[in-house]
Amino acid sequence: MADSKQASGDFGGEGSRVLTADAIAAAVGGTLHGDGSARVSGVAPLDRADVTHLTFLANAKYTALAEDRELGVLLVTAELADAAKARARIVVKNPHEAMLPLLPLLYPAPSQAAGIHPSATLGRGVSLGDGVSIGPGVVLGAGVGIGARTRLDAHVVVGEGVQIGAECHLYPSVTLYPGTQIGDRVRLHAGARLGSDGFGYVFRDGVHAKIPHVGRCIVEADVEIGANTTIDRGSIDDTVIGAGTKIDNLVHVAHNVRVGRLCLLMAQVGIAGSTRIEDGCILAGQAGIAGHVTIGRGARVGAQAGVFGSVPAGETWSGYPARPHKEALRAQAAMFKLPSLIRALERLVEGRGDSER
Amino acid sequence: MADSKQASGDFGGEGSRVLTADAIAAAVGGTLHGDGSARVSGVAPLDRADVTHLTFLANAKYTALAEDRELGVLLVTAELADAAKARARIVVKNPHEAMLPLLPLLYPAPSQAAGIHPSATLGRGVSLGDGVSIGPGVVLGAGVGIGARTRLDAHVVVGEGVQIGAECHLYPSVTLYPGTQIGDRVRLHAGARLGSDGFGYVFRDGVHAKIPHVGRCIVEADVEIGANTTIDRGSIDDTVIGAGTKIDNLVHVAHNVRVGRLCLLMAQVGIAGSTRIEDGCILAGQAGIAGHVTIGRGARVGAQAGVFGSVPAGETWSGYPARPHKEALRAQAAMFKLPSLIRALERLVEGRGDSER
Amino acid sequence: MADSKQASGDFGGEGSRVLTADAIAAAVGGTLHGDGSARVSGVAPLDRADVTHLTFLANAKYTALAEDRELGVLLVTAELADAAKARARIVVKNPHEAMLPLLPLLYPAPSQAAGIHPSATLGRGVSLGDGVSIGPGVVLGAGVGIGARTRLDAHVVVGEGVQIGAECHLYPSVTLYPGTQIGDRVRLHAGARLGSDGFGYVFRDGVHAKIPHVGRCIVEADVEIGANTTIDRGSIDDTVIGAGTKIDNLVHVAHNVRVGRLCLLMAQVGIAGSTRIEDGCILAGQAGIAGHVTIGRGARVGAQAGVFGSVPAGETWSGYPARPHKEALRAQAAMFKLPSLIRALERLVEGRGDSER
């Protein structure tokens, strides 16, 4: 096993900063007990925390994890305030939530120096905003435009004519095909592929003849897309991912799909061609949505659901084939009751002499 | 949002060509009304088309999308020929189908200059056909052979001894492990991984000992494989993808699988080891096929189906576990009827006193 | 189709070695018949084997595959010892199993020369063990440490501070985010992404606000991870893959998941956040496991199963929603019997007058 002792490796190698208990208490609006000058330089879960860490305790069943040790700064509920030793305890209503806004303070995003790595390849007519960072091996096609302070990590490949907004972060090995447009503050994780040809063929003269794809793949502002996710370009019309939508790893979005604003698409979801996902929908992991249907505004689809028709706005559907969630649960429950009933039923039917079998 | 105004960005940044209405009418065998010299330089869906675009109208419910605007060249059915203003209208039976062969004329595939980018790395004994294009960062192992006019985009990695046919296009960051062979006119989309070791272990001496994989991964002519799809090499025998088969994004094909000719495998399909998919099969999205079974010639498997046994030629199966489609539909319908029957049934059974519960 | 005639291309281009029948008989403890000096330089399945190959025959139905040809060295059961012609036949109990340990002898792993390719980019403070091989285009962030004899193929990107053990093999285009730690003898296949941010947001002020991820992604010794698989880093706590566990292609492991030792996760499995998979579990292809549950030691989960709760140690669960396997099978069987019963049942219920519909 690689050595994990050094502080810098403890939380990912990003350089961390130092906060005092006083500053933390002020930031979270909590009540400080103990030494306000206590300093922490990272967070850790309770079982790994020492005096250099910020940690939290919100549930009595975890108090044993911090026994016999002194902690640094502890975010803790009022009821558990005396359950652990720490240089400083800060009483808040919800310790875990209170910790979240502190993380960017302790772990500022690692900055990549602005500039163009000498191993990058730039086509003619590339236009770069202020402070853009272009990593090793990046390839930008002709006419690519990139907004200010956007960062492209190693081996990102951007096709001819693609426009990328400001303050984006493209992680290593992302591919943007020609026809892709990316808004501001978009994060694309490693290996995401955007704008690839959709899966469209016509069977003619004994072969599957390819339908050319010339529509766009448009990703609006504030979208985050997970590792190895694929989003095809449209055939003639566009594929669109709406502003503020978040997409997990290994998701597939087919050609001409329109995903609205503020949706959540969890890992391994698949959406077939020309389907419309309206604003604020949540699709749970491995759900599959058929082509040419509409998932209405704010609807939710359960994990592994197989959705073959449209789902009305605001409803929750699940199961295979998907139905309204309560109906699906009732049907599943009934299915598992069946075997114990079925022999008796068969006898009953046979006894009445009106079986159709 | 990045600026999308410039014409070249409108359909993917690929340079487009210009066609006259006369030329289009001749190409599609349609009847021209209006100005045969009207010129278009791209296609657009009806709601975004202007006088510079070729577009189409095939359904009366979309006529409002082109109101108050003059279009360039409109492919239109006879019934709707007067429903929109255009410099030239061309009457055809099926406007959408008529458009497809025009797309390659308006959007010729962006050519990459033949030649070897200086950042590419070539092993000893590499053999390249005429007009091959090798992009930035491409790595070719020793003994690799590549046919005429094949194009390898940035960061493609080709293992030792791999042979690739003519007129192929490998998009960015494709990986071909040693043991892979690619036929002519094959397209491999970004991030596809071919020839990786299959998932094979024997549990021995308390560990999962790896079974070495030395079979090949053979992809025949005219195959297209989607982004981030993975196809393992065989263990001793080969994994084979038959000529003319098309595979979508994020599909998994395990070791020793044989996929026949002219099959369609849609997104996120998974095929376990040593299964045989015969010619002309269609597997819909997220379907899973167990190992060591046969999907007969021309069979179809529904979306998300879980196929645990062989499927006879020509049949359509669906559901979990998969059954003939009609049987699956009947069982699903019955399942959703159950809850409303089951309480009555329980009473009935209890009333007869012959329940086995 | 590319030419596949040359010997080196026959099994993947890796250089193969030569073994005599005598040496093979000794290695497998079998009984030699024929010419002990017969030499083979590769393996092939029976239908492709010639006098230069080692092959095997274990089932009478395959004897026709070797008719009218002389084989090189044949591993064969006693019953079939006379069913095929070969320069040397070696009788063993299980011919296929006997072949496995011979494969590494005939196909030694292709060695990559130790050293750093000139196109690699190394950050400050990188530390490399003896015999490390760094391929073209590899990027190592500041503070990265790599153990002895580890091999990084082309375009691998390793984030700041990441530690990798000894004798690992990272195939092309693998990405390790900061916060990742890799044990000894780990294999990561092409396009695997480790340590990406988990899918965590809180809905606040009308947007999905990102939860920073500062936990680690820890992969212990002797793990193998398939092509294009994604494993997220933890949010505050860690994501851990236990020693000796093997993970197939296109698998998703979410933040804070703990996978135990010696597990097998097959292709396209998805595991939601904070779930614990205990030692020795087997999850079959496309299975999905909900968040915050426990799959007990040695449990098995069937292909495509949807697991929404915890599974007790040692049990086998399957189906959607998953239940103990026998119960799931009974319920599925009952479901398919239903349609033929249901009309009779409806009549029966109606006839009794106590239907609740």
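Protein chains in written order, with our numbering: chain F, 129 to 485; chain V, 129 to 485; chain G, 129 to 485.
Just so it is clear, CB atoms sit at the ideal spot from N, CA and C, and this is done for glycine as well.
Owing to the predicted nature of the structure, the values given are computational and were not obtained by experimental measurement.
Check: Beta-carbon separation of D360 (chain F) and V330 (chain F) under 8 angstroms?; Outcome: no
Check: How would you label R145 (chain V), buried or exposed, when you count the other beta carbons within 10 angstroms and need 16 or more for buried?; Outcome: exposed
Check: Less than 8 angstroms between C-beta atoms, sequence neighbours within five positions excluded: which residues of the same chain meet that for A188 (chain V)?; Outcome: E207, L208, A211
Check: Grouping DSSP H, G and I as helix and E and B as strand, with all else coil, what is I346 (chain V)?; Outcome: strand
Check: Based on Cα-Cα distance, which residue from V:E406, V:G265, V:L268, V:G343 lies nearest to S324 (chain V)?; Outcome: V:G343
Check: If you draw a straight line from the C-alpha of K374 (chain V) to the C-alpha of T367 (chain F), how long is it?; Outcome: 21 angstroms
Check: Excluding five sequence neighbours on each side, which residues of the same chain lie with their C-beta closer than 7 angstroms to the C-beta of V220 (chain G)?; Outcome: V156, G158, L203, A226
Check: So with CB distances below 9 angstroms, who are the chain F contacts of Y329 (chain G)?; Outcome: E352, K374, L392
Check: Mapping DSSP to helix, strand and coil, what is T278 (chain F)?; Outcome: coil
Check: Considering just the uninterrupted stretch of the alpha helix (DSSP H) at L231 (chain F), what are its terminal residues?; Outcome: 231-234
Check: On the three-state DSSP scale, how would you describe S483 (chain F)?; Outcome: Note that S483 (chain F) scores 40 on pLDDT, short of 50, meaning its location in the model is unreliable; the coordinates nonetheless yield the value given after this. Residue state, collapsed to three classes: coil.
Check: Between the alpha carbons of P246 (chain G) and P264 (chain G), how many angstroms are there, rounded?; Outcome: 7 angstroms
Check: Give a yes or no on whether the minimum CB-CB distance between Y448 (chain G) and chain F is below 8 angstroms.; Outcome: yes
Check: Is T403 (chain F) helix, strand or coil when you go by DSSP?; Outcome: coil
Check: Any idea what DSSP makes of G141 (chain G), helix, strand or coil?; Outcome: At G141 (chain G), the pLDDT of 38 sits below 50, so the modelled position is not reliable and the matter cannot be decided from this model.
Check: How would you list, in chain order, the residues of chain G whose beta-carbon sits under 7 angstroms from the beta-carbon of V171 (chain F)?; Outcome: V342, I364
Check: So is G442 (chain F) in contact with chain G if we call contact Cβ pairs under 8 angstroms?; Outcome: no
Check: Indicate the three-state DSSP secondary structure (helix, strand or coil) for Y190 (chain F) in the structure shown.; Outcome: helix
Check: Kindly indicate which residue of F:R404, F:A194, F:C409, F:G401 has the alpha-carbon position closest to the one of L392 (chain F).; Outcome: F:C409
Check: On the criterion of 16 or more Cβ atoms from any shown chain inside 10 Å, does H420 (chain V) qualify as buried, or is it exposed?; Outcome: exposed
Check: Do the region 304-311 of chain G and the region 288-296 of chain G touch if we need at least three Cβ pairs shorter than 8 angstroms?; Outcome: yes
Check: Please list the residues of the region 458-476 of chain G that have a C-beta atom closer than 8 angstroms to any C-beta atom in chain V, keeping them in chain order.; Outcome: Q460, M463, F464, L466, P467, I470, L473, E474, L476
Check: Near A172 (chain F), which residues of its chain fall below 6 angstroms by C-beta distance, leaving aside the five closest residues on each side in sequence?; Outcome: H181, T183
Check: Closer than 9 angstroms by beta-carbon distance: list the chain C residues that pair up with A431 (chain F), in chain order.; Outcome: In the displayed structure, chain C is absent; the protein chains listed are F, V and G.
Check: With 16 as the cutoff for other CB atoms within 10 Å, does N222 (chain F) come out buried or exposed?; Outcome: exposed
Check: Thinking C-alpha only, which one of V:G434, V:L469, V:M463, V:L466 is nearest P452 (chain V)?; Outcome: V:G434
Check: Could you confirm whether any beta carbon from chain G is found closer than 8 angstroms to the beta carbon of A212 (chain F)?; Outcome: no
Check: Give me, in chain order, the residues of the same chain whose beta-carbon lies closer than 7 angstroms to that of Q134 (chain F); leave out the 5 immediate sequence neighbours on both sides.; Outcome: With a pLDDT of 32 at Q134 (chain F), under the threshold of 50, the modelled position of this residue cannot be trusted, and the question is left open.
Check: For a test of the three-state rule: what should DSSP assign to P246 (chain V), helix, strand or coil?; Outcome: coil
Check: Of all the options F:H336, F:I353, F:S255, F:R277, which has the alpha carbon lying nearest to the alpha carbon of E288 (chain F)?; Outcome: F:S255
Check: Between V:G319, V:D312, V:R313, V:V286, which has its C-alpha nearest Y299 (chain V)'s C-alpha?; Outcome: V:G319
Check: Can you confirm whether I339 (chain V), when its beta carbon is compared against all beta carbons of chain G, has any partner nearer than 8 angstroms?; Outcome: yes
Check: Once DSSP output is grouped into helix, strand and coil, what is the label at L174 (chain G)?; Outcome: coil
Check: How should S165 (chain G) be labelled, buried or exposed, when 16 other C-beta atoms within 10 angstroms of its C-beta is the threshold for buried?; Outcome: exposed
Check: Is Q396 (chain G) helix, strand or coil by DSSP?; Outcome: coil
Check: With A431 (chain G) and V439 (chain G) assumed to form a contact (beta carbons below 8 angstroms), what rounded beta-carbon distance in angstroms separates them?; Outcome: Not confirmed; about 15 angstroms, so no contact.
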